[in-house]
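The sequence shown runs 130 to 258 under our numbering.
In what follows, a structure is listed as structure tokens, so that the remarks can point back to it.
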Amino acid sequence: MKYKIIKNPQVGILKNTKYTIGKITSKFNYNKRRPGYDFIFVFNNDRKEGHQNGSFIPGHKYLVAYDSTNIKNGFLILDKFDVTDSLEKYHLSDKDQVYWEGWSLQKIPFQYDKSDIGLEVKEVINSYR
């Protein structure tokens, strides 16, 4: 996997936000020796790695928000939206455990309140300011 340093999510992410599935890979960031969770997701056919604090369960899958036109605006994983069970329910499981598709907010194929997802993204971005 390639590792690229990408800054914390910026307000610019809100203009072209798309969502995909990220998987929590570990409870501790071994590279930086700081607490939190490591995760992976796919953007433009390339695996990306991230690190974020939150209430995650290792091995579970969560929604990831990213700027679809400029990944350098950052990305984040949403701990309030564990979609592990929904992937099976809606038959969206992937044998490689990564998900290549990205969705706009309205096209997310899960039964969550879309306004809650949008609000959570804004709150997380504001917490980085």
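All residues carry an ideal CB built from backbone N, CA and C; glycine is no exception.
Span of the alpha helix (DSSP H), counted from its first residue to its last, around V250: Stepping through the sequence shown from its first residue, residue 250 is reached at position 121. Run containing V250: K243 to S256, per the alpha helix (DSSP H) assignment.
Collapsed DSSP secondary structure at V171 in the structure displayed: The sequence position of residue 171 within the sequence shown is 42, counting from 1. Three-state DSSP puts V171 in a strand.
Under 8 Å between C-beta atoms of V253 and P138: Mapped onto the sequence shown, residue 253 falls at position 124. Mapped onto the sequence shown, residue 138 falls at position 9. It is a contact, given that the beta carbons lie within the stated cut-off.
Beta carbon proximity, W229 to chain B, threshold 8 Å: The structure shown contains no chain B; it holds only a single protein chain.
Other residues of its chain near D245: CB distance less than 8 Å, five sequence neighbours each side excluded: Stepping through the sequence shown from its first residue, residue 245 is reached at position 116. Here the set comprises K209.
Bridge-paired residues (DSSP) for N155: Along the sequence shown, one-based indexing puts residue 155 at 26. According to the sequence shown, residue 155 is Ser rather than Asn. According to DSSP, which records beta bridges pairwise, S155 is partnered with D167.
With 16 other Cβ atoms within 10 Å as the buried cut-off, status of K147: On the sequence shown, residue 147 is found 18 positions in, with the first residue counted as 1. Looking at its Cβ environment, which holds 16 or more other Cβ atoms inside 10 Å, K147 is buried.
Minimum C-alpha distance to E178 - residue among T198, I186, S184 and I150: As a working mapping, residue 178 is identified with position 49 in the sequence shown. Considering only alpha carbons, the answer is I150.
Spatially closest choice to D214 from K144, V171, Y257 and K152, by CA coordinates: For this step, residue 214 is matched to residue 85 along the sequence shown. Ranking the options by Cα distance to D214, first place goes to K152.
Buried or exposed (CB count within 10 angstroms, at least 16 for buried), M130: Locating residue 130 in the sequence shown gives position 1, where the first residue counts as 1. Below a pLDDT of 50, predicted positions are generally treated as unreliable, and M130, at 29, falls in that range; no measurement from the model is reported.
Where the alpha helix (DSSP H) through L216 begins and ends: Stepping through the sequence shown from its first residue, residue 216 is reached at position 87. Taken as a continuous stretch (DSSP letters only), the alpha helix (DSSP H) holding L216 covers T213 to K218.
From Y228, L205, I206 and L207, residue whose alpha carbon lies closest to that of L216: Sequence index remark: in the sequence shown, residue 216 carries index 87 (1-based). L216 has its Cα closest to that of Y228, out of Y228, L205, I206 and L207.
Under 8 Å between C-beta atoms of A84 and F204: Since the first residue shown for the chain is 130 and the last is 258, residue 84 is missing from the structure and cannot be characterised.
Beta-carbon separation (whole angstroms), L207 vs L192, contact threshold 8 Å: By 1-based counting over the sequence shown, the position of residue 207 is 78. By 1-based counting over the sequence shown, the position of residue 192 is 63. L207 to L192, Cβ: 5 Å. Contact.
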